[in-house]
Each structure stands twice: as structure tokens, then as C-alpha cells.
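For reference, the structure is listed below as C-alpha cells.
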Amino acid sequence: MRSNRENETIDKPFEVSSDSSDSDYNVDEDYYNFEDDQPEEKPGTSAKVETTITTLESINEIKDELLSYSSEGAKVDPECPLHGKYTHVYTQDSHVFSVTLTLCDISSNINQFFIMQMIEGPGWHGTSYGLWTREGRIGFKGAVSLISCGKDEKKAADKFRQIFLEKTKNEFKNRKQFTRYVGSYGLIEVDFNTSAIQMPNQSMDSSSGTKCQLDFRVRQLLRMLTDEKELKNAVQELDFDTNASPLGKITKEQIQAGYEALNKILELIKSHNKTTSLSLSTKYIEEINNYYTIIPHAYGLRAPPLIVSKEQVNHEMRLLEVLRNKKTEKHVFDIRYEQLNCKITPVELSDPIYEIIIDYLKNSFSKSHYGDTLFITNLFEVDRQAERERFRADLGNRKLLWHGSRMTNWYNILREGLQIAPAGAQITGHAHGVGIYFADMSSKSYSYCYRGPTDTATTKTSIRDFSLLCLAEVALGVSVPPCGAINSLPDGQHSVHAIGSTGPDPRFDKILSDGTVVPCGLARIKPQQAPLGTKCIH
113 MRSNRENETI
123 DKPFEVSSDS
133 SDSDYNVDED
143 YYNFEDDQPE
153 EKPGTSAKVE
163 TTITTLESIN
173 EIKDELLSYS
183 SEGAKVDPEC
193 PLHGKYTHVY
203 TQDSHVFSVT
213 LTLCDISSNI
223 NQFFIMQMIE
233 GPGWHGTSYG
243 LWTREGRIGF
253 KGAVSLISCG
263 KDEKKAADKF
273 RQIFLEKTKN
283 EFKNRKQFTR
293 YVGSYGLIEV
303 DFNTSAIQMP
313 NQSMDSSSGT
323 KCQLDFRVRQ
333 LLRMLTDEKE
343 LKNAVQELDF
353 DTNASPLGKI
363 TKEQIQAGYE
373 ALNKILELIK
383 SHNKTTSLSL
393 STKYIEEINN
403 YYTIIPHAYG
413 LRAPPLIVSK
423 EQVNHEMRLL
433 EVLRNKKTEK
443 HVFDIRYEQL
453 NCKITPVELS
463 DPIYEIIIDY
473 LKNSFSKSHY
483 GDTLFITNLF
493 EVDRQAERER
503 FRADLGNRKL
513 LWHGSRMTNW
523 YNILREGLQI
533 APAGAQITGH
543 AHGVGIYFAD
553 MSSKSYSYCY
563 RGPTDTATTK
573 TSIRDFSLLC
583 LAEVALGVSV
593 PPCGAINSLP
603 DGQHSVHAIG
613 STGPDPRFDK
623 ILSDGTVVPC
633 GLARIKPQQA
643 PLGTKCIH
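Numbered as in the working numbering, the sequence shown ends at 650 without a single skipped number.
Structure follows, in C-alpha cells:
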């Protein structure tokens, strides 16, 4: 739904402009000061960089050697100050000198990552080499080190191999047959040819990248509901650290290893003797550590939790399913849509209900509630999983009623449904008690959308020009007048009906084929005395 304001034009419906929050280090511009300037905090990271290992002078010396050129090759860690088009990761005989390692030991609260790369680039006197490392707790940026090896290619490569052997007890040349040892780092296998998280292009209909399978109107809706940071939550909600493999996408082999580790954990859970604690089993702890090492999870400073039930195993299986979908290059909007667990279908203009809802919106809008005029941009029918079966149609007195909320709330509302505030939550605006509030005046519900101010400096539309209103089929049952803040109703009563000073004329109600009433008559002032406001039901 969009407000109608003068001198505003629509260039692209639902167009959302956003600036990338990722820092970009350019070698030929301002250098990055590890000691004085702290980077902007990113989601899931610490605002403070851990102990600085390399001096600013040594970094500048390396950067001074580099000349401007572009090349193909594995991507340099975005956190490295040499990241850009001037340098690339060193390769030798198809060996890419870039590794991401992880180590988890829940008994000691160890949940670490280690990134190492050998970097090369052209210098004034030939190719120069450096060794970049970053390590710390998963979910944080970690401590960094950049060692200059000058023109000594062998020195840099030997140092890389030595550190890899110390961390993993494996020879770098044999990493395809990698064996993980207890107490040592495991190797995260990544595909260097693809990014870690697939994000939608600025144009959703671009021919490049993965094609989204959704109707373009549903894609527009999802774009409104999820920005780039929120899209990463498709896996972050499951505690996977999307920054643990920033150098490439996690491979299908790595995901398969995660499945195998989970199956071993599940077998141990099934065969466990209930007389002893599962956490006392050495084999069980080793398998838990192995799983968290294979599939890195970000738990902040907390120790990764034990996986002790089938429900927890299923939770982790869902994470691997999301990762597998990303590996098969399923569009992120398709993944986000599937996680809603509901069907969203655009309503066509030719559908008779479209005209009824337009009349309902227009006739029930009062400028005393909000000064704008509204018109419908898109109309969707939402069918939430199993909600139709739970609906109490037997209560009767069913009506289509409005509900408004902030744009940022709607993704979770679609996924979880409208919910009563939990016990103990700070509640404001519930004049008639705790419950879910609806209105038969669209302007009343629209006032709860809290739409942000429009940018008057541009004529382009943005997400702030749009709001979402829900029109729900509500089974009111037996309604009673309000009597203070009622938190529970007696048996035989199902809703509270507060009559405002203005409401739709009931003489022009329309009844749908299933018996649902649409109060779409023109709003008029009620003659009777009533509390200020409008009809609300909870």
C-alpha cells in the first residue's frame, strides 16, 4: 500500500536503494590503520579488532611495492588491507595457497577459526609476496598478521606450509586426503570460484546470476521485507557463521561431511544408556567437536551447546539443507520464501474481491486518523501452513478486518502468525487488555504502520513510501462491550468490541460466498456516545 503525495512519481515499484555496509580496502587510496582506526562494526562481529600483530609501517612497505594491475585468481580475504584488484592469492601447480581452518572443543569453550593466505602482486622490482593470517573466535573478526617476504617466493610458500602442518598435522600437498586429528584444526573446503553468500542483484530480473522462481510481485514483496543484512539471516538464524568462509562458498563435500557427523551423533543419542550422562561419553564429545569443526557456528563467547535430542539434530539438518540449497545456487529469495511456510498468491485485478477491497479501503479511511490518502499497489492472498485447519469457523460472526504493523515486523508475522504479546512483555496501547487488535477502519490500522518520513530530496520512490496492511478473516464469536483492560473472557464470550465515534455504515455490508462479512460501507459518525477510537477486537 502506498500513500499518495504530490510531486512523487514511481520509477520502479518497490525499488529499494541500499548502500553496502562491507568495508572495501583499496591499495591505491587511504590505507587501513590497524592501531588507530577501528572498522565499522558488522553483524556477528566484535566492534573491536583483537590484538594487532603486524605494525602499520610493515603494511605500508608492502603496499608501496604494489603496482596497479588486475588479474584472475582466488579472492583475497576482504579484511586484508591489500584486498582489491591489485593482488591475488598465490597458486602453484593448481594448489591454491588459501585455507580456512576451524577448531571446536566444547569442554574447553574453544570455538576458533584460522585463515591463512599467501598473497602476490607486482612490485617495482618484480613480483612481491606476503603471508596474511587472521585468527580468533568464530563470529569475531580476529587478530591479524601480514608478513612481508619481499621477492622471496620460496620463503613465503615454505612458511605457509609450515604453519599449515603445525595447525592441522597434515601436509599441505596432501590436503585432498585431509585427516582431522583430535585437538588440531580441521579444514573447511570452499569453492574459490563463488562467493560465500549469494545475494540478489540490484535488478531482480537480471539475466545474470541465479533466476528466482517466484512471481515478480512476490519478489517485490520480499525485497521490501528483507534487506541484504536480513537475507544473511537465512543461515545466521540457525547460528551458522556466514563469515567463517568468506573466501568462497562451502563445498558440497563439506556439507556431506556435516550430514555424516550429525548421523553419528544421532546414533549415539539413540543408543545412549540413560543411567549415565551423555556428556560424559568421550566418543560423543569427539563427534560433537567434529561436527562444529566441520560446520562452523557463531555463538559469541558462549560455548557451542551439546546436541542431545532428535529435535536439535533436526535443527542442524535444516541448517545443512539451507547450505545445500545455496550450493545448488537456489536464489536467496526462494530460500527466504520457503522459510515463511506460507503460500503468497497475487490477487489479479480481474478478481471480484479486488474491487470489494478497494472500496473497503477507500470507504473506511478517515483523515482524522491519518492525513494521507491510500491506494493499493499489490494485493496478495496469504495461506499460512495449517492455519486454515486451526481456524475456529464454528464461532461464527466472521468479518474481514484490518491490522497494521511496522514494515520490519511483517516477515516474522507471515512466518509465525499474529501473536499475543508474551507474559512479562512491556505492553502499550492495549486499552482493552492483552490480545490481537483489529479494526474495521483502514485508517485506524494504518496509523500503526509507523511509516517513516519520505525523502523530499528525490522523486524516486523508496521503501518508506509503502506500508503493509493485513486484511484478516476474524471469527469474532460472541462480542461484548469493553470493561477496562480485560485479559480473559468468561466462557461463551470470544471478543471485545469497542465502538468508536466513526465506523462503516452496516447497511452496505457485503457478504462473501462463505458467509464472511465485509464492512465496506462508507464511514459515518456514530450517533451514540462511545469511547474515542474505532471498533477493535481482541
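The beta carbon of each residue, even a glycine, is placed where N, CA and C say it ideally should be.
Start and end of the beta strand (DSSP E) containing residue i?
i      : result
Pro616 : Thr614 to Pro616
Glu202 : First, the residue type needs correcting, since residue 202 is Tyr and not Glu in the sequence shown. First-last for Tyr202: undefined, no H or E at that position.
Ser260 : Ala255 to Gly262
Lys364 : Careful: Lys364 lies outside any beta strand (DSSP E), inside the alpha helix (DSSP H) at Lys364 to Lys382.
Tyr241 : Gly238 to Arg249
Leu581 : Leu581 to Ala587
Ile488 : No beta strand (DSSP E) contains Ile488, which DSSP labels as neither H nor E.
Is residue j closer than 8 Å to residue i when the C-beta atoms are compared?
i      : j      : result
Ile227 : Thr245 : yes
Glu501 : Gly529 : no
Met230 : Phe272 : yes
Tyr241 : Ala268 : yes
Arg448 : Leu334 : yes
Val330 : Pro458 : yes
Leu215 : Thr405 : yes
Pro631 : Asp552 : yes
Leu461 : Ser554 : no
Leu378 : Ile400 : no
Thr628 : Lys511 : yes
Ser367 : Val302 : According to the sequence shown, residue 367 is Ile rather than Ser. Against a cut-off of 8 Å, the Cβ pair of Val302 and Ile367 comes out as no contact.
Leu65  : Val188 : No information on residue 65 is available, as it lies outside the stretch 113 to 650 that the chain covers here.
Gly589 : His609 : no
Lys422 : Ile381 : yes
Tyr403 : Leu374 : yes
Ala584 : Phe503 : no
Leu491 : Phe477 : no
Val211 : Leu299 : yes
Ala635 : Asn521 : no
Gln325 : Asp446 : yes
Does the Cβ of residue i lie closer than 7 Å to at least one heavy atom of the ligand MG?
i      : result
Pro234 : Absence of the ligand MG from the depicted structure is noted, as is the absence of any ligand whatsoever, leaving it without description.
Starting from residue i, follow the alpha helix (DSSP H) in both directions and report where the run begins and ends.
i      : result
Asp471 : Pro464 to Asn475
Ala635 : Per DSSP, Ala635 belongs to no alpha helix (DSSP H); it is in the beta strand (DSSP E), Ala635 to Ile637.
Thr280 : Glu265 to Thr280
Ile525 : Trp522 to Glu528
May I ask you to list the residues that DSSP assigns as paired with residue i?
i      : result
Val546 : DSSP, once it has assigned bridges, lists no residue as partnering Val546.
Ile300 : Thr212
His207 : Gln204
Arg607 : The residue you asked about is not Arg; residue 607 is Ser in the sequence shown. According to DSSP, Ser607 bridges with Ser591.
Gln325 : DSSP lists no partner for Gln325.
Lys455 : Asp495
Gln224 : Leu215 and Arg249
Val629 : Lys511 and Ile623
Ile230 : Reading the sequence as shown, one finds Met at residue 230 and not Ile. Per DSSP, Leu243.
Inter-stretch contact (C-beta, 8 Å, three-pair minimum) for the stretch 624–636 and the stretch 462–474: yes
Does the stretch 277–284 touch the stretch 252–262, meaning 3 or more C-beta pairs lie closer than 8 Å? Short answer: they don't touch.
Runs of 4 residues minimum, wholly inside the stretch 386–445: which ones carry the alpha helix (DSSP H) assignment? The alpha helix (DSSP H) runs of length 4 or more contained entirely in the stretch 386–445 are, from start to end of the chain, 394–406 and 422–439.
For the stretch 555–562 against the stretch 509–529, are there 3 or more C-beta pairs whose distance is under 8 Å? yes
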